[in-house]
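Protein chains in written order, with the working numbering: chain A, 2 to 231; chain B, 2 to 231; chain C, 2 to 231; chain D, 2 to 231.
Ideal Cβ positions, reconstructed from N, Cα and C, are used throughout, including at glycine.
Read through the structure below, which is laid out as structure tokens, and then see the notes.
Protein chains: 4
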Amino acid sequence: MKTTSLSKGTSRLEERRRAQQGRTAHGDERRQELIQTAYRLIAEKGVGGLRTRDVAALVGINTATLHYYFPTKEHLLQAVAQQLGYAFTTSPAPGTSAGDGANTPSEQMEAYFASLAYQLRTTPERFVVMNELFFAASRDERLAGALEVDTHWQAYLNSILEEGVKQGSFRSDLNVEQTALTIIAFCKGLPLLQSQPDSLDKIITSFKNWFFSMTATAIEKRTSSRHKRE
Amino acid sequence: MKTTSLSKGTSRLEERRRAQQGRTAHGDERRQELIQTAYRLIAEKGVGGLRTRDVAALVGINTATLHYYFPTKEHLLQAVAQQLGYAFTTSPAPGTSAGDGANTPSEQMEAYFASLAYQLRTTPERFVVMNELFFAASRDERLAGALEVDTHWQAYLNSILEEGVKQGSFRSDLNVEQTALTIIAFCKGLPLLQSQPDSLDKIITSFKNWFFSMTATAIEKRTSSRHKRE
Amino acid sequence: MKTTSLSKGTSRLEERRRAQQGRTAHGDERRQELIQTAYRLIAEKGVGGLRTRDVAALVGINTATLHYYFPTKEHLLQAVAQQLGYAFTTSPAPGTSAGDGANTPSEQMEAYFASLAYQLRTTPERFVVMNELFFAASRDERLAGALEVDTHWQAYLNSILEEGVKQGSFRSDLNVEQTALTIIAFCKGLPLLQSQPDSLDKIITSFKNWFFSMTATAIEKRTSSRHKRE
Amino acid sequence: MKTTSLSKGTSRLEERRRAQQGRTAHGDERRQELIQTAYRLIAEKGVGGLRTRDVAALVGINTATLHYYFPTKEHLLQAVAQQLGYAFTTSPAPGTSAGDGANTPSEQMEAYFASLAYQLRTTPERFVVMNELFFAASRDERLAGALEVDTHWQAYLNSILEEGVKQGSFRSDLNVEQTALTIIAFCKGLPLLQSQPDSLDKIITSFKNWFFSMTATAIEKRTSSRHKRE
DNA sequence: TATGAATGAGTGTTCATTCAT
DNA sequence: CATGAATGAACACTCATTCAT
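Set out below in structure tokens:
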């Protein structure tokens with residue numbers, strides 16, 4: 002784990018203090034516990050509603066102890082943001098193998114949308130937390146640094162799309178970046194919909210069809226085959 | 002600092018009505034001023050960063066006076082939410098006539114996307130505030146009640162799409178609701194993208210093409226005609 | 002009373018807030034009460050031992066109310082420092098008329114030393130507080146700005162000494178500034194002595210004799226006349 | 002950063018002694034290191050600004066380890082105070098031989114003032130720390146016990162002055178105690194002056210002249226001889 | 001309408017100190 | 001000897017809200 006230290010006002014004394022702080026197995030566990038709890042609370046009450054007291058209380062430690070692990074609320078937030086960045090493209094729907102290089106890009110995208118639907122059903126808070134952190138980051142540079150969800154996300158989609166273009170399963174004139182961003186925008190907006198979670202599945206399917214019909218080399222074929230499933 | 006506005010202009014009729022309810026014209030101005038200022042501050046600092054003190058100070062009144070107009074911070078928030086709901090579908094790009102029944106549904110949607118791009122360029126805070134309020138609403142029922150953006154929004158898109166289906170310019174088997182929601186999801190996610198605002202235009206164009214190619218009765222024609230412009 | 006506002010990190014919003022704060026008679030009384038109480042507590046526990054809680058409690062108000070009058074602990078400290086600066090040369094021993102232009106400079110200095118002895122006996126905390134604030138100021142520029150004791154003090158002594166030189170009661174080659182600073186140094190060091198307060202009188206007398214014997218035009222005459230009193 | 006030192010150098014004999022008491026040479030070094038560091042930090046941030054954490058960090062040990070050597074912050078403070086007491090009269094200006102019984106008392110006093118000026122120039126923090134500790138001591142009896150600067154100081158001056166009176170170089174009716182205290186008061190007040198350190202030299206010279214003109218058996222002679230130098 | 005004054009309930013953070021290992 | 005972990009008790013400061021005037 003990269004040491005998150007992008008704070009600015011730290012004196013040399015402060016630095017020296019922290020540098021000496023060793024890492025134990027127990028300590029890292031606590032760290033994780035705190036991050037997880039903060040994550041859960043952000044999902045519940047939002048970043049603005051997050052209280053260090055609550056995090057500490059839920060973990061069962063003193064507030065001061067929390068500050069032993071995270072000198073500042075923001076450091077905690079950064080840790081949450083950082084972990085979220087990694088978590089976002091690494092947990093595909095079970096049974097599918099999104100991310101595996103074994104499949105064709107088309108199948109990968111298919112799996113990706115399936116995974117998206119799955120995650121929206123099982124861990125919708127992940128999207129909530131991401132958006133919460135994103136908003137917080139837009140007002141705090143230091144948080145923005147730690148929150149690289151989009152970077153990872155876009156890179157992931159880019160690689161699939163490019164591969165698809167190369168292999169001929171996607172249109173050769175496909176603008177990879179724009180497509181990736183369009184998908185991300187859609188994904189980010191999805192959990193912001195004030196509609197029942199049940200309808201999300203359908204909307205994803207609908208969007209998926211749009212995607213395939215627009216990117217597929219042979220538009221007609223894919224579109225028609227999709228329509229049957231819908 | 003550009004003055005962002007979501008006011009709609011109180012007619013004289015309205016003034017008279019309010020006056021009979023014990024509300025003076027001056028009082029309503031103050032009310033509006035406060036709402037506007039709150040709106041601006043939410044755009045800047047987020048709902049969580051909104052301070053009644055700041056709102057009052059910017060308007061030039063005492064904090065206590067603010068509470069005369071809005072007994073609670075939440076009442077103020079509700080007022081902002083309410084106005085936002087109306088404002089969202091009523092300010093098309095200048096020169097276009099989105100919303101006018103005079104045009105064909107296809108042209109209306111075309112205008113809609115143009116308006117979207119225009120608004121994202123000129124008043125991006127509106128989307129920020131909307132999302133901010135949405136998050137706040139997800140934790141506060143009373144706010145949720147006041148924030149009916151989605152309702153208005155979806156109704157607006159539904160009406161266009163349905164008319165389009167009726168007139169034959171959109172596919173007859175088009176699932177109007179799903180399509181509307183897909184568009185809304187995309188729109189909501191757009192301002193959450195961590196990319197340069199310049200690229201938003203392109204992404205919108207890209208999405209617009211998807212939309213038309215999927216909904217148009219004659220796919221081939223529209224798609225090809227689009228591609229030329231792009 | 003000059004408005005003490007030499008803070009740096011205040012946003013425009015903050016400024017606007019404070020600017021609107023009017024001054025009432027009642028408010029100014031409270032202000033004074035708080036300053037006095039802070040002064041007393043500094044005398045007791047030192048600047049480092051000053052707690053806003055204690056100040057508020059002694060005055061009988063909520064801690065938050067204290068912050069209504071003084072946005073920061075330091076603003077309170079500044080107010081104390083400022084008042085101390087004025088108070089230091091304006092309260093002569095009763096019965097004497099130090100500061101009056103009616104007397105000769107020699108008599109004024111005589112009265113000054115008498116006043117010094119008197120003040121050390123009656124309000125020794127004043128010196129303690131002054132030194133406390135001085136130390137605090139040496140680590141805080143903003144405090145230093147408000148604490149102009151030395152400036153006032155030196156100006157006061159300078160004027161007397163200069164007048165004395167002009168009138169011929171003090172040596173014509175007297176270095177006024179050095180003499181003033183020597184006296185101030187002595188005065189500042191006095192309350193730092195770990196000896197019984199009773200002996201302070203004698204030491205002051207001793208120092209006074211030094212002063213007069215060194216500054217008097219006719220050394221022999223004054224010295225001998227002094228010795229009789231001692 | 003210039004290394005300020007108030008250590009005195011532990012002899013081997015001392016080491017052996019301590020070792021028998023359960024104190025190792027290494028332990029004593031650490032002890033000294035901690036005291037020195039505390040001393041330096043007091044000079045920088047004042048007694049109130051001293052943090053055990055900082056002391057430990059600068060020495061390179063854990064805070065808990067510091068408490069092994071000094072069970073309480075106050076014990077550490079006491080140790081600093083104690084060492085300061087000794088250090089205050091034992092480091093004369095190099096080249097002079099203040100403290101040596103070989104010279105006449107007048108020369109000793111001359112050397113003393115020279116040393117004072119020298120110390121104020123080279124190690125002004127010593128005076129700062131002394132005053133800091135003095136203030137702290139005035140609120141803490143235990144510290145006061147350890148801080149016997151004045152006792153040592155006065156004893157030192159007394160011995161010189163008494164010897165001078167005996168030898169006839171100082172006035173026979175000189176009140177030794179009062180004179181010593183006057184000098185100490187002046188010395189203590191000196192570093193509290195808000196003036197440029199350059200002017201301190203002149204003020205000391207000025208005061209020295211006062212001293213000699215008042216104490217010398219033949220006033221006229223010394224005074225005139227002084228004036229030439231000034 | 002408007003305000004100065006006042007407040008309760010937090011809010012993140014600090015710090016000397018303790019203790020098992 | 002040394003340390004990582006933990007904590008109680010503060011601490012300055014914030015903020016929405018209330019109320020007499």
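Check: Can you tell me whether F213/B is helix, strand or coil according to DSSP?; Outcome: helix
Check: Whole alpha helix (DSSP H) runs in the region 158-198 of chain C with 4 or more residues, listed along the chain?; Outcome: 177-190
Check: Is there a Cβ of chain A sitting closer than 8 Å to that of R54/B, yes or no?; Outcome: no
Check: Using the beta-carbon count (16 or more within 10 Å), is R52/A buried or exposed?; Outcome: exposed
Check: Keeping to the same chain, check which residues put their C-beta closer than 6 Å to that of A80/C; ignore five residues upstream and five downstream.; Outcome: I36
Check: Is N159/D closer than 8 Å to A186/D when the C-beta atoms are compared?; Outcome: no
Check: Using a Cβ-Cβ cutoff of less than 7 Å, which residues in the same chain neighbour A44/C once the five nearest sequence positions on both sides are dropped?; Outcome: E126, V129 and V130
Check: Please state whether the Cβ-Cβ distance between T216/C and L175/C is less than 8 Å.; Outcome: yes
Check: Would you mind working out which of Y70/C, L59/C and A57/C sits nearest H27/C, comparing C-alpha positions?; Outcome: Y70/C
Check: Since S214/D and G165/D should fall inside the 8 Å C-beta cutoff, what is the C-beta to C-beta distance between them, to a whole number of angstroms?; Outcome: Contact flag wrong, Cβ pair sits at about 14 Å.
Check: Less than 8 Å between the beta carbons of F78/B and A118/B, yes or no?; Outcome: Per the sequence presented here, residue 78/B reads as Leu, with Phe not at that position. Taking 8 Å as the Cβ cut-off, L78/B and A118/B do not qualify as a contacting pair.
Check: Consult DSSP for S139/A and reduce its assignment to one of helix, strand or coil.; Outcome: coil
Check: Please work out which residues of its chain come closer than 6 Å, Cβ to Cβ, to V177/C, disregarding the five sequence neighbours upstream and downstream, and give them in chain order.; Outcome: N159, L162 and E163
Check: Could you pull the start and end residues of the alpha helix (DSSP H) that V60/B belongs to?; Outcome: T53 to V60
Check: Helix or strand or just coil, what does DSSP make of E34/B?; Outcome: helix
Check: In chain D, which residues lie less than 9 Å from N104/C when you measure between Cβ atoms?; Outcome: Result: empty, since nearest Cβ-Cβ is about 24 Å, beyond 9 Å.
Check: Less than 8 Å between the CB atoms is what I'm expecting for D151/C and Q197/D, so what's the real figure, rounded?; Outcome: Actually they do not touch by this definition, with Cβ atoms about 12 Å apart.
Check: Give a yes or no on whether 8 Å exceeds the smallest Cβ distance from Q195/A to chain B.; Outcome: yes
Check: What three-state label does DSSP hand F71/B in the structure shown?; Outcome: coil
Check: Between L158/D and chain C, is the shortest Cβ-Cβ distance under 8 Å, so that the two count as touching?; Outcome: no
Check: For the alpha helix (DSSP H) containing L117/D, list its first residue and its last residue.; Outcome: P106 to T123
Check: D29/C: which of F171/C, G169/C, L59/C and L67/C sits nearest, CA to CA?; Outcome: L67/C
Check: Below 6 Å CB to CB, which residues in the same chain sit around G47/D once its five sequence neighbours on both sides are set aside?; Outcome: E133
Check: Less than 8 Å separating the beta-carbons of T38/C and V56/C?; Outcome: yes
Check: Return the chain-ordered list of same chain residues with a C-beta closer than 8 Å to the C-beta of Q84/C, the five sequence neighbours on each side being excluded.; Outcome: I36 and Y40
Check: Determine whether the Cβ of E34/D lies closer than 8 Å to any Cβ atom of chain C.; Outcome: no
Check: For N63/B, which three-state DSSP category applies?; Outcome: coil
Check: Which word fits K189/C, buried or exposed, when buried means at least 16 other C-beta atoms lie within 10 angstroms of its C-beta?; Outcome: buried
Check: Beta-carbon of Q120/C versus every beta-carbon of chain D: anything under 8 Å?; Outcome: no
Check: I think G86/D touches E149/D, with their Cβ atoms under 8 Å apart; what is that distance to the nearest whole Å?; Outcome: 5 Å
Check: Relative to the C-alpha of E142/A, which residue among H153/A, A82/A and A115/A is closest?; Outcome: A82/A
Check: Taking beta-carbon pairs under 7 Å, can you tell me which members of the region 139-151 of chain C lie near chain D?; Outcome: R140 and D151
Check: Can you have a look at A274/B and say buried or exposed, based on whether 16 or more other CB atoms are within 10 angstroms of its CB?; Outcome: Nothing about residue 274/B can be read from this structure; chain B reaches only from 2 to 231.
Check: I'd like to know whether the C-beta of M110/A is nearer than 8 Å to at least one C-beta of chain B.; Outcome: no
Check: Among N63/B, N104/B, T183/B and R122/B, which one has its Cα closest to the Cα of Q155/B?; Outcome: T183/B
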